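Residue 112 is where the sequence shown starts when you use our numbering, and the numbers rise one by one after that.
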Amino acid sequence: MSSVTAINGAPASNGSMSSEAAKKDMIERFQALFQAMAGGQVAGLEAVYHPDVVFVDPFTRVQGLEALTHYFEGAYQNVIRCDFAFGATVADDRGFCQPWTMSLRHRRLRKGELIRVDGISQLTVDSGLVRLHRDYFDAGQLLYENVPLLGSAVRWLRRQAV
Numbered sequence: 112m113s114s115v116t117a118i119n120g121a122p123a124s125n126g127s128m129s130s131e132a133a134k135k136d137m138i139e140r141f142q143a144l145f146q147a148m149a150g151g152q153v154a155g156l157e158a159v160y161h162p163d164v165v166f167v168d169p170f171t172r173v174q175g176l177e178a179l180t181h182y183f184e185g186a187y188q189n190v191i192r193c194d195f196a197f198g199a200t201v202a203d204d205r206g207f208c209q210p211w212t213m214s215l216r217h218r219r220l221r222k223g224e225l226i227r228v229d230g231i232s233q234l235t236v237d238s239g240l241v242r243l244h245r246d247y248f249d250a251g252q253l254l255y256e257n258v259p260l261l262g263s264a265v266r267w268l269r270r271q272a273v
């Protein structure tokens, strides 16, 4: 039996992804959604996310599909281009972990120059939909290193720590 837990520490619900076909389908829907959103299309979240989804990343925690939609709309508002390269997925009956590298050009970061960010998404699935989505990535790699003045200081600190 799997030991995946929800964000509050309680066991994830029993809406498992028991078959290999269900796992593959969920992973493909997730990847397709993020490739579409990278193109500026923040639509179709209901095909991947549970209505009561909890989403957490280094910048925010939102609950519910409406709040998640609003968050993604804001996050992609100034994106010039965004692509995801997905690594090998690790899955069990309760969900999956999806490593990724995001290549991003953003109007407000580094004057639109290319930024690459490595991360991983941990997803708990309930009845074929993502109930918990937690992203792990270096917020400095995405944001702090790429903001004028602050970015110079963060890059200097990183060099000093090595």
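C-beta: ideal position from N, C-alpha, C; glycine also. Quick caveat, the model's predicted, so the values are computed rather than measured.
So, for Arg140: in the same chain, excluding its five sequence neighbours on each side, which residues have a beta-carbon less than 7 Å away from its beta-carbon?
Ala158, Val159
I'd like the list of long-range same chain contacts for Thr200, defined as Cβ closer than 6 Å, with 5 residues on each side in sequence excluded.
Ile138, Phe207, Gln209
Enumerated in chain order, which unbroken segments of the alpha helix (DSSP H) with a length of 4 residues or greater are wholly contained in the stretch 156 to 202?
176 to 186
Below 8 Å on the Cβ atoms is my contact criterion, and I expect Leu151 with Tyr187 to pass it. Report the Cβ-Cβ distance as a whole number of Å.
According to the sequence shown, residue 151 is Gly rather than Leu. Going by Cβ atoms, the distance from Gly151 to Tyr187 rounds to 6 Å, so yes, they are a contact pair.
How far does the alpha helix (DSSP H) with Gln142 in it reach, from first residue to last?
131 to 149
What number of angstroms, rounded off, separates the C-alpha of Glu131 from the C-alpha of Leu240?
15 Å
Gly230, DSSP secondary structure in three states
strand
For Asp246, which beta-bridge partners are listed by DSSP?
Ser232
Rounded to whole angstroms, what is the Cα-Cα separation between Ala86 and His161?
The chain is shown from 112 up to 273; residue 86 falls before or after that span and cannot be answered.
Quick check on the burial criterion: 16 or more other C-beta atoms within 10 angstroms. Buried or exposed for Asp237?
buried
C-beta atoms of Leu156 and Thr180 nearer than 7 Å
yes
Where the beta strand (DSSP E) containing Arg218 begins and where it ends
Per DSSP, Arg218 belongs to no beta strand (DSSP E) and is neither H nor E.
Indicate whether Asn189 and Arg219 have their beta-carbon atoms separated by less than 7 Å.
yes
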